[in-house]
Every structure is written in structure tokens, then in C-alpha cells.
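FYI, in the numbering used here the residues of the sequence shown are 80 to 549.
Just so you know, even glycine gets a beta-carbon here, dropped at the ideal spot from N, CA and C.
The next block holds one structure in the form of C-alpha cells; read it before the comments.
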Amino acid sequence: MILPVIMAGGSGSRLWPLSRQLFPKQFLSLNGEHSMLQTTVQRLSGISHAPAMVICNEEYRFIAAEHLRLGGFDHSGIILEPVGRNTAPAIALAALQALKNAEQGEDPILLVLAADHLIENNQAFQSSVQNAIPFAQSGQLVTFGIVPTAPETGYGYIKADASEDDAFVVNKFVEKPDLCTAQGYLESGNYYWNSGMFMFKASRYIEELKKHRSDILRACEKSMAATAPDMDFIRVDKTEFEACPDDSIDYAVMENTDSAMVVPMDAGWSDVGSWSALWEVSNKDANQNATKGDVITVDSSNSYIHGENKLIATVGIDNLVIVETKDAVLVAAKDKVQDVKSVVMQLKEANRVEHKLHREVYRPWGKYDSIDFGKRDQVKRITVKPGEKLSIQMHHHRSEHWIVVSGTAKVTIGEKTILVTEDESTYIPLGTIHALENPGKIPLEMIEVQTGSYLGEDDIVRFEDRYGRS
């Protein structure tokens with residue numbers, strides 16, 4: 080049985096302002112209508128496999144679950160990492176959980192994938208996966224090497240050795256090279272880009288990890304000793320996992336094992352590590368502009384232009400990246416986009432929220448959009464999904480006015496519960512315990528006006544919450 084393991088825990092900053100700390104690129108729709116996580120699961124449709132297991136940061140749990148639900152995908156559980164400890168421990172958690180779930184005598188074959196890669200040719204991807212299965216079944220640890228198309232200096236490389244039908248013995252893993260070295264790798268024909276995708280039996284990964292990094296395995300075993308199921312989620316012991324060493328699967332296992340094989344993959348792969356990389360894999364017009372959203376270009380060329388809410392018009396530009404969201408606009412030279420992370424660092428240092436959150440924020444019950452701010456007031460547009468309920472809560476520093484735009488709100492204010500329907504409103508005094516619920520069959524849309532001395536999201540005292548946040 081093949082068990083896909085999808086790692087969805089990264090939080091990159093190079094695709095800011097679309098990617099944020101709490102809404103990273105695996106949840107973005109960059110090259111189509113579906114998010115990268117959804118596309119990763121869809122890519123498996125031609126392969127016989129069990130429902131995928133997902134690993135993500137605890138802060139992403141509701142977004143990941145919602146994306147799987149919207150895509151109509153079953154899953155084998157969402158493992159929550161309390162803190163990031165790199166890929167070796169993450170995969171160990173998945174392997175331990177897979178063996179725990181397996182029927183007696185069964186040893187699942189893990190297909191480890193990243194949730195934030197683009198692959199243009201699904202058929203070629205599936206063919207490489209099929210080629211890897213016999214080697215994984217025989218106990219080899221397989222990695223997928225991308226057939227290089229250029230002397231890329233931003234990727235690690237794998238040097239292939241002796242050939243075995245559809246795979247090669249791994250000679251060595253190589254760090255990111257300089258341009259001259261990368262050109263030599265390309266010309267030799269013996270090197271592949273390191274994709275970060277793997278296939279092996281769960282038990283074999285555990286055996287090799289025990290041999291080479293027993294400290295990581297011990298910490299992961301302790302973390303998984305008493306997992307706590309929580310709706311779709313599998314929670315591991317936070318204290319034990321925080322004590323786990325931080326290391327990648329490459330360093331911890333693949334560079335040390337004598338059972339490493341590489342299966343070539345030529346499938347139009349990209350890790351979309353920058354705006355220029357996204358421009359390269361996007362459809363372009365006759366002037367080599369890649370556009371998304373409401374965009375008009377005049378005498379413009381070689382640019383990536385992404386608009387989410389407003390018309391973007393360009394005149395006489397070349398080699399630029401322009402990205403507009405509800406709360407930020409990025410304009411960058413396309414050959415300087417690696418420095419976008421410097422903008423993110425400045426936002427962090429200034430204690431601004433734009434590096435962390437979008438203006439529109441998703442919650443397990445729905446979402447809210449902070450549409451206006453003042454010194455002592457804030458206006459939000461709130462959407463509550465049918466049947467969902469916000470926590471029973473109270474605020475120390477603000478009162479709230481709620482105006483229902485569409486749908487029906489079931490509102491608890493102290494000891495009183497009322498229904499508020501379209502074009503009606505209610506008031507929540509400061510310090511009053513209250514709750515909001517959508518009892519209807521359609522989404523509840525409402526406007527919330529907050530007033531008070533402090534309007535931060537941390538001014539919430541939760542008394543009861545169906546999503547485990549109290």
C-alpha cells in the first residue's frame with residue numbers, strides 16, 4: 080500500500096505579500112484555481128494509494144483541513160507539529176503513525192511529497208512514482224531527482240552512480256553549487272536536482288533513522304507515545320517534540336545510508352522559490368508578461384503582474400514584479416526578488432502585522448476581513464459557515480456592534496439568546512460574555528464595529544470552544 084505523506088509546514092517569505100507567516104504558499108492558488116496543497120493531492124489521482132497523511136504546523140491546522148474538505152479529499156489524519164524541527168523528525172512522526180495504523184503484517188510504502196511544488200506534467204510524475212515502487216518494496220530508500228534543464232545554483236544536486244533499470248545508485252548529495260560547478264554538473268549528465276521527494280517503507284525509514292540519528296527517533300517515539308486525537312488532527316506531545324533535534328532527512332538519513340537510490344523525474348518541476356521562478360512557469364503573452372487578475376499592459380514586457388482586488392495598469396515597464404493584495408503592494412525588479420525577504424524582516428522589526436497575516440483571515444468557523452481601522456475603532460466583515468459557532472468569549476477592552484447583512488445569527492449575550500436576521504443589529508457591551516452562531520443553511524454575513532481602548536486579537540477570553548482553542 081502506498082501512503083502519501085504531504086509535508087505542509089513551511090512558512091516561506093520569498094512570495095510576500097501573497098505568502099504570509101500564517102498563510103504560506105502551500106495554501107495559495109498560484110498557477111490555477113486550486114491551492115498548491117490541493118493540487119499536490121490531485122496529482123496522485125492516477126496512482127493507487129491510501130488517503131494521504133498531512134503534516135503541518137499547529138497554526139495551519141484549520142486551513143489545511145478546510146483545503147482538503149473543499150477539494151473533496153479524504154485523508155489519513157493531519158499530524159500537528161507543535162514546533163518546526165525540519166523534515167527528518169516530521170517524516171519520522173508520519174512513519175510511526177503509519178505503522179501504528181497499519182493492519183498486522185502490513186508495512187506501508189511512504190510517498191513523501193512537499194505541498195508547495197509545481198509539477199506541469201502529472202503523467203511523467205506518476206510514471207516516476209511507479210518506477211520507484213519496486214525499489215521501495217525491496218527495501219531501498221528512493222529519492223526523486225529532477226532532470227536539470229539549466230545550471231541552477233539555487234538547488235542541491237544528487238550525483239548518480241551505477242544504473243539499475245529505472246533508477247541509479249546515489250553516489251553523493253551535493254550542496255548548492257556556484258554557476259561554473261553547476262554548468263559542469265549539467266554537461267556531465269550524471270547529476271539531478273534534489274527535489275525533496277522520497278519513497279520508502281515506513282519500517283526501513285525507522286531502521287535507518289535509528290542507525291544514523293537514534294536521538295531523533297527516540298524523541299519522536301516519545302512524542303507519539305500518547306497522541307491525542309482532536310477532530311481531524313493528531314496532536315503529539317509538545318514537550319517531547321520540542322526536545323527533538325532539528326535536522327533534514329538528507330543530512331540525517333539519505334547522506335548516510337547505503338540503500339539510497341535516485342529515480343529520475345522529468346515533469347516540469349519547480350519549487351516556486353521566488354517571484355521570478357513563478358514567472359518562468361506561468362503562461363505569458365506575446366510580450367512575455369505573466370498576468371493574473373484585472374491587468375492592462377501598455378508597452379510593457381518581461382514582467383509578472385498579479386492583482387487580487389484592483390485594476391493594475393502598467394505603461395513602459397520591463398522586468399518587474401508587481402503584486403497587489405488588500406493590504407500591500409510589492410514592486411520589485413525581477414532579478415532582485417530574492418531580496419523580498421528583507422522587506423519581511425523590516426516588517427517584523429517594526430512589529431507590523433503584514434508579514435504575519437492577510438487582511439482577510441481564515442478561521443475554522445469561516446473568515447473575517449478587517450476593512451477599516453481607526454485609533455479606537457475597527458470594522459470587520461465576518462462570514463460564518465452554516466452550522467458553525469464562534470467561541471463563548473469576553474473582551475476586557477472593547478464593545479461590539481453587529482449588523483447582519485445576510486443569513487441569520489444566533490447571538491448569546493450574557494444569559495439571553497436571540498436571533499438576528501438580515502438588516503437587524505445588536506450590541507455587545509464591554510466585559511459581557513457572548514457567542515455567535517450560524518444556525519441556518521446559508522453563510523452568515525455580518526459587519527462588526529469594534530470600539531474601545533485596545534482592539535488586538537489577543538483581547539479574547541475564551542470560556543468554551545468547539546475547536547479546542549479555549
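Of the residues Q367, P508, A365, the one whose Cα lies closest to the Cα of R477 is P508. The beta-carbon distance between D448 and Q457, rounded to whole angstroms, is 11 Å. This is too long to meet the 8 Å contact definition. Partner residues in the beta bridge of S449, as assigned by DSSP, are K459. If you draw a 10 Å sphere on the C-beta of Y533, you find fewer than 16 other C-beta atoms in it, and that means exposed. Only residues of its own chain outside the window of five on either side were considered, and among them D186, P187, I188, L189, A215, Q216, G218 have a CB closer than 8 Å to the CB of K280, listed in chain order.
Taking a C-beta distance under 9 Å as the contact criterion, M278 and A194 do not qualify as a contact pair. Under DSSP, C323 takes part in no beta bridge, so it has no partner. Around the beta carbon of I497, fewer than 16 other beta carbons lie within 10 angstroms, which makes this residue exposed. Cβ contact annotation for N165 (same chain, cutoff 7 Å, sequence separation greater than five): D325, D326, S327, in chain order. Beyond the five residues adjoining it in sequence on each side, A177 comes within less than 6 Å, by CB distance, of L82, P187, A281 in the same chain, given in chain order. Nearest C-alpha to Y271 among A298, R292, Y234, A307: Y234.
Among the bridge pairs identified by DSSP, L190 is matched with P83, M278. According to DSSP, residue pairing for P343 in a beta bridge involves G224. Straight-line spacing of the CA atoms in N430 and G445 works out to 26 Å. It is roughly 20 Å from the alpha-carbon of L107 to the alpha-carbon of D153.
Cβ contact annotation for D311 (same chain, cutoff 6 Å, sequence separation greater than five): A144, I157, in chain order. Taken through DSSP and simplified to helix, strand or coil, R438 comes out as coil. Comparing alpha carbon positions, the residue from A87, Q100, D345 closest to V432 is Q100.
The C-beta of G268 has fewer than 16 other C-beta atoms within 10 Å across all chains shown, which makes the residue exposed. Where M303 is concerned, there is no enclosing alpha helix (DSSP H), because DSSP gives it neither an H nor an E. For H113, no beta strand (DSSP E) segment is defined, and its DSSP state is neither H nor E. Residue pairing by DSSP places M132 opposite V84 in a beta bridge. When the alpha-carbon of A365 is set against those of A356, N381, S353, D373, the nearest one is in N381. The residue from V84, W95, S90, M80 with its alpha-carbon nearest to that of V423 is W95. When C-beta atoms of the stretch 411-426 are compared with those of the stretch 384-396, fewer than three pairs fall below 8 Å, so the two segments do not count as touching. In this structure C323 is buried. Its beta-carbon is surrounded by 16 or more other beta-carbon atoms within 10 angstroms. Out of E428, A167, L265, the CA that lies nearest to the CA of F320 is found in A167. If you compare the alpha carbons of R297, P308, R541, Q209 with that of L159, the shortest gap goes to P308.
If you ignore the 5 residues before and after D373, its C-beta comes within less than 8 Å of the C-beta of G386, K389, L390, I391, all in its own chain and listed in chain order.
If you look at A411, you'll find it in the beta strand (DSSP E) that goes 408-412.
If one requires a minimum length of 3 residues, the beta strand (DSSP E) runs lying completely within the stretch 251-297 are 270-280, in chain order. In the DSSP assignment, H146 falls within the alpha helix (DSSP H) that extends over 140-150.
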